[in-house]
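Its first residue numbered 6, the sequence shown is counted upward by one per residue in our numbering. Cβ coordinates follow ideal geometry from the N, Cα and C atoms, glycine included.
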Amino acid sequence: MKTIRLREGKERSLQRRHPWIFDSAIAKGGGDPGETVRVESHDGQFLGWAAFSPSSKIRARVWSFDEAQRIDAAFFIAACARSISARARFDVNSDGMRLVHGESDGLPGLIVDRYGDTLVAQFQFAGAERWKDVLADALLAATGLTKLYERSDASTRAQEGLAPVTGWLRGDGPTELTIQEHGWRLTLDIATGHKTGFYLDQRDSRKKMADAAQRLQFQRVLNCFCYTGGFTVAALAGMQAGMRAGGGGMGHVTSIDSSGPALERAAASVALNGFAAENVTFMDADVNASLRQFAAQGQTFDCIVLDPPKFAPTAAHADRAARAYKDINRLAFKILEPGGVLFTYSCSGGINADLFHKIVASAGIDAGVDGFITERLGGAPDHPMTINFPEGEYLKGLVVLRK
Ligand code: SAH
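Structure follows, in structure tokens:
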């Protein structure tokens with residue numbers, strides 16, 4: 006068994022059960038890609054069993070902090086079963102859900118999403134890559150399913166020196182799938198979509214948005230960065246329910262994205278739920294430019310969703326990203342009607358919840374708009390955050406009701 010020994014003082018984060026070991030913390034020792042190594046403090050105390058990543062800045066990730074634990078097939082079978090059975094206690098109103106969320110589920114580098122009868126997995130780091138076959142079989146055994154598609158094409162793999170891999174790992178079948186979320190039907194493609202095909206992490210926010218659309222009877226919704234139209238369908242469903250209750254006319258959703266294929270899929274989901282095409286406008290455009298254009302034309306909305314891509318993957322990008330977030334939020338405030346609602350998000354790991362709050366606040370001040378922050382939002386519960394791994398909190402959102 007190979008051992009890595011840490012520098013003096015570098016044992017502290019592991020003693021608090023944080024699973025990452027940076028290259029700069031290691032005094033000596035190493036291993037092959039994905040090999041399990043024993044991690045010791047500078048004076049030889051056992052700290053954990055970790056998977057070694059020779060070419061990554063995060064040089065090792067801990068599988069277990071228990072010296073008696075063997076890191077073998079049985080360990081991974083138990084860890085997958087535990088992660089999946091935990092979902093039974095989460096409130097997930099969908100047949101699309103995250104079953105394994107990496108570090109937060111004790112399986113660094115493994116992401117697994119379930120879409121109906123199909124699993125999609127990302128093996129992001131050398132450790133998960135090395136145990137891929139064991140993990141694939143364990144996931145199918147724990148779910149009783151037969152189909153597992155691999156989407157190991159995230160950019161993080163390049164930092165590990167791993168080539169991208171996509172395709173069926175077990176079984177095969179269609180890659181175009183439909184899930185049922187809150188009773189809506191949403192289509193996705195696990196082969197070509199972002200991440201594993203869909204943004205499951207925004208599930209609860211889509212419901213909140215639908216509820217607000219119903220309660221406040223929105224008439225003109227703007228969904229920025231709409232991707233495959235999750236928030237678009239949510240808005241339409243909410244507006245339709247509000248219309249039935251209140252007797253008013255059906256509202257309209259303008260949905261913007263710069264990806265043509267995503268917009269086509271969004272239109273397909275709108276049709277699949279029986280909403281009329283005339284109630285939606287899809288714009289293949291840049292959000293920033295479109296927001297400026299609406300402001301110049303004096304076009305306003307009573308609800309705006311801003312769910313941009315990750316502007317700051319790490320804290321090093323935070324400054325530039327903060328300006329980009331501020332810009333779109335300022336522009337959105339300018340075209341939000343008094344009494345209207347902004348749902349605004351950041352999925353950047355490099356921007357924490359406090360900083361995001363400050364950015365949105367200063368965007369409001371620059372736009373000359375005040376608002377009530379009625380809710381702080383995070384990822385859906387199947388993307389859990391744990392006490393020992395604060396990095397798990399990557400998605401944050403604010404609901405702002407304009408005064
Ligand atoms: N809200 C979506 C997820 C958004 S992901 C959901 O609930 O499913 C971010 C989206 O922003 C992607 O679809 C990407 O194509 C789009 N995008 C990135 N930069 C953009 C830009 N400058 N203008 C418009 N869309 C952009």
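A direct Cα-Cα distance of roughly 17 Å separates A250 from H257. A residue is called buried when at least 16 other Cβ atoms come within 10 angstroms of its Cβ; I392 does not meet this threshold and is exposed. Fully contained in the region 280-323 are the following beta strand (DSSP E) runs of length 3 or more, in chain order: 285-289, 306-311. Taken from the Cβ of Y120, every heavy atom of the ligand SAH lies 7 Å or farther away. Membership of E269 in the alpha helix (DSSP H) is indicated by the continuous run 265-277. In the structure shown, A250 falls within a helical segment according to DSSP collapsed to helix, strand and coil. Taking the Cα positions, L241 is about 10 Å away from Q224. The straight-line gap separating the alpha-carbon atoms of S264 and A321 is approximately 27 Å. Apart from the 5 residues on each side of it in sequence, E165 sits with its Cβ closer than 8 Å to the Cβ of P38, S58, S60, S61, Q129, F130, A131, E134 in its chain, given in chain order. Distances from the CB of H199 to the heavy atoms of the ligand SAH include at least one below 7 Å. In the three-state DSSP reduction, S157 falls in the strand class (E or B). Contact annotation, V125 with G202: C-beta distance approximately 6 Å; criterion of less than 8 Å satisfied. When the beta-carbon positions are compared, E155 and L174 come within less than 8 Å of each other. Using a cutoff of 7 Å, the CB of G235 counts as near the ligand SAH, since one of the ligand's heavy atoms is closer than that. For V42, same chain residues with a beta-carbon under 6 Å away, outside a window of 5 residues either side, are K7, I9, G36, A55, F57 in chain order. Here the residues close to the ligand SAH, judged by CB distance below 5 Å to any of its heavy atoms, are Y204, Q207, F230, Y232, G235, D262, S263, S264, A267, D291, V292, D312, P314 in chain order.
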